[in-house]
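For the sequence shown, the working numbering assigns the number 43 to the initial residue and increments by one for each residue that follows.
Using N, Cα and C, we set each Cβ at its ideal position, and we do this for glycine too.
None of these values were measured; they are calculated from a predicted model.
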Amino acid sequence: MTVKEILRIIVRSVLGVISVICIIVLTYGNLIPVESGETVDRIDDYIITASVNDDGSVDMDYQITWSVISNAEGPLTWVKIGVPNSNVDNVKALSSNIKKAYYYYQDGEQFIRVDLDRPYHAGETLQIHYSFTQYNMYVEGSDMVVYDFAPGWFGKITVTHYAIRWSDKNVQSVSPYQIPIGGYYVWTGSLDAGQRTRVRISYSPGAYDFEEHSVFHLPPIKGLLEGEMGKELLIVIICFGGWVLYGITLGRDDYYRDDMYWGCYRGPSHGGGHGHSRGGGCACACACAGGGRAGCSAKDLYGTKLESQRVRARLRAAAGKK
Numbered sequence: 043m044t045v046k047e048i049l050r051i052i053v054r055s056v057l058g059v060i061s062v063i064c065i066i067v068l069t070y071g072n073l074i075p076v077e078s079g080e081t082v083d084r085i086d087d088y089i090i091t092a093s094v095n096d097d098g099s100v101d102m103d104y105q106i107t108w109s110v111i112s113n114a115e116g117p118l119t120w121v122k123i124g125v126p127n128s129n130v131d132n133v134k135a136l137s138s139n140i141k142k143a144y145y146y147y148q149d150g151e152q153f154i155r156v157d158l159d160r161p162y163h164a165g166e167t168l169q170i171h172y173s174f175t176q177y178n179m180y181v182e183g184s185d186m187v188v189y190d191f192a193p194g195w196f197g198k199i200t201v202t203h204y205a206i207r208w209s210d211k212n213v214q215s216v217s218p219y220q221i222p223i224g225g226y227y228v229w230t231g232s233l234d235a236g237q238r239t240r241v242r243i244s245y246s247p248g249a250y251d252f253e254e255h256s257v258f259h260l261p262p263i264k265g266l267l268e269g270e271m272g273k274e275l276l277i278v279i280i281c282f283g284g285w286v287l288y289g290i291t292l293g294r295d296d297y298y299r300d301d302m303y304w305g306c307y308r309g310p311s312h313g314g315g316h317g318h319s320r321g322g323g324c325a326c327a328c329a330c331a332g333g334g335r336a337g338c339s340a341k342d343l344y345g346t347k348l349e350s351q352r353v354r355a356r357l358r359a360a361a362g363k364k
């Protein structure tokens with residue numbers, strides 16, 4: 043037996059193992075529960091302050107009082123709060139318990155992710171404070187420009203008290219109706235788990251410049267490999283990388299033989315590892331790993347979801363090729 047034949051046997055054995063792993067992960071991985079049925083957190087205060095800039099962007103300030111009431115899903119190490127769309131910039135951590143705050147993309151949804159300075163356990167309460175600039179949040183009409191704002195909501199967490207504070211400068215009308223106090227329209231209330239709220243603020247077309255602005259985010263490797271889409275990407279990388287290795291090891295003639303086959307299988311998606319709640323044109327992904335907690339983002343009006351669906355379809359097609 044030649045060295046080349048021995049290498050062929052070894053590489054084929056490795057690819058066989060990879061194929062089995064692909065099938066198990068893609069077919070059954072989503073069925074593994076990642077959440078307990080127990081309530082693990084409570085939001086005591088959820089305060090959002092918004093001010094429109096001259097170009098139509100909105101400076102957003104978030105102050106959240108978060109209480110950990112159970113360790114059933116591990117300690118609290120990070121949280122993610124939904125944002126209206128992906129055009130987010132100038133993310134700043136404003137409380138000392140934040141190690142890092144940044145734009146975060148997962149399964150077609152957009153968030154601000156906050157990594158905490160340490161694990162927080164049952165019985166602890168922390169104040170989370172950060173800010174960012176949100177672009178392309180408005181819809182222009184012939185006689186008015188409207189900001190339709192639904193703050194990120196939470197699939198399994200109750201909000202004892204929320205307040206949305208929106209600067210009254212140049213505002214034409216608001217809904218639900220409010221009288222401005224101290225320079226802000228203020229909406230308050232509480233939210234059950236999965237419940238959401240929405241406000242609408244209207245301006246005349248000449249109130250601001252209302253310039254569209256796109257923000258490009260280079261996704262971190264960690265973010266790419268999380269969630270359903272990340273899992274598919276990882277499997278494609280593994281399978282494709284395996285065959286590249288095979289081709290390099292055995293030579294081009296063997297690599298392109300007619301009896302070669304792709305060493306992975308794309309099984310059906312069960313969605314058991316992610317809770318999806320649809321309604322009012324909004325979606326949320328409420329499962330995450332690593333002891334973090336998940337909020338839900340509002341509807342993306344600017345095509346991010348559509349593009350992610352196209353990418354996901356291409357990945358599935360690539361994984362199913364022979």
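Can you tell me where the beta strand (DSSP E) with W208 in it begins and where it stops? Counted as a single uninterrupted DSSP element, the beta strand (DSSP E) harbouring W208 occupies residues 200-209.
What does the alpha-carbon distance come out to for the pair V365 and V216? Outside the displayed span of the chain (43 to 364) sits residue 365, for which this structure offers no information.
At what residues does the beta strand (DSSP E) containing V228 begin and finish? Run containing V228: 226-233, per the beta strand (DSSP E) assignment.
Which residue comes first and which comes last in the beta strand (DSSP E) that contains H171? For H171, the enclosing beta strand (DSSP E) stretches over residues 167-176.
When you compare the stretch 205-215 with the stretch 122-129, are there three or more beta-carbon pairs, one atom per stretch, that lie closer than 8 Å? Under the Cβ criterion (8 Å, minimum of three pairs), the stretch 205-215 does not count as touching the stretch 122-129.
In the DSSP assignment, what are the bridge partners of R84? The partner list for R84 (beta bridge, DSSP) reads S109, T200.
Taking contact to mean at least 3 C-beta pairs separated by less than 8 Å, is the stretch 93-100 in contact with the stretch 145-155? Too few Cβ pairs lie closer than 8 Å, so no.
Neighbourhood of A164 by C-beta distance below 7 Å, restricted to the same chain and skipping five residues each side: Answer for A164: V110, I111, S112, N113, listed in chain order.
Thinking just about the alpha-carbon of each residue, which of G236, Q237, I243, N139 is nearest to the one in P222? The alpha carbon of P222 has as its nearest neighbour, out of G236, Q237, I243, N139, the alpha carbon of I243.
Test item: CB-CB of I206 and I90 under 7 Å: Yes. Within cutoff.
Mind checking M43: buried by the 16 CB within 10 Å criterion, or exposed? Burial call: exposed.
Pick out whichever of R160, V156, G197, M179 has its Cα sitting closest to the Cα of S173. Cα-wise, what sits closest to S173 is V156.
Starting from V213 and walking both ways along the beta strand (DSSP E), at which residues does that stretch end? From DSSP, V213 is part of no beta strand (DSSP E); its letter is neither H nor E.
With distances taken between CB atoms, is the gap from N178 to E253 smaller than 7 Å? No; because the gap between Cβ atoms is not below 7 Å, this pair is not in contact.
Checking the sheet assignment: what are the DSSP bridge partners for L118? Per DSSP, Y162.
Name, in chain order, the residues that DSSP records as bridge partners for T239. Bridge partners of T239: none, in fact.
Do the CB positions of D87 and H203 come within less than 7 Å of each other? Judged by beta-carbon spacing, H203 lies within the 7 Å limit of D87, meaning their Cβ atoms are closer than that value.
Does the Cβ-Cβ distance between S256 and N132 come in under 7 Å? Inclusion of S256 and N132 in the CB contact set at 7 Å is not warranted, their separation being larger than that value.
Looking only at its own chain, which residues have a Cβ that is under 6 Å from the Cβ of A249, when we skip the five neighbours before and after it? Taken in chain order, the residues that qualify are N212.
Beta-carbon gap between P218 and Y162 smaller than 7 Å: No; because the gap between Cβ atoms is not below 7 Å, this pair is not in contact.
How many Å lie between W285 and R50 at the Cα? Low confidence applies to W285: its pLDDT is 49, below 50, so where it sits in the model is not reliable enough to give any reading.
Label E80 either buried or exposed according to how many other C-beta atoms from any shown protein chain fall within 10 Å of its C-beta, with 16 as the threshold for buried. The residue is exposed, with fewer than 16 neighbouring Cβ atoms inside 10 Å.
If I follow the unbroken beta strand (DSSP E) through V187, where does it start and stop? Run containing V187: 187-191, per the beta strand (DSSP E) assignment.
Pull up the distance between the alpha-carbon of S311 and that of A92, whole angstroms please. Note that S311 scores 25 on pLDDT, short of 50, meaning its location in the model is unreliable; the coordinates nonetheless yield the value given after this. Cα atoms of S311 and A92: separation of roughly 39 Å, rounded to the nearest angstrom.
Backbone CA spacing between I48 and H171 [nearest angstrom]: Each residue's Cα considered, the two are about 59 Å apart.
Would you decide whether P247 is buried or exposed? Buried here means 16 or more other CB atoms lie within 10 Å of its CB. Exposed: under 16 other Cβ atoms inside 10 Å.
Mind checking whether W108 and I85 have CB atoms under 7 Å apart? Yes, the pair counts as a contact, with Cβ atoms nearer than the cut-off.
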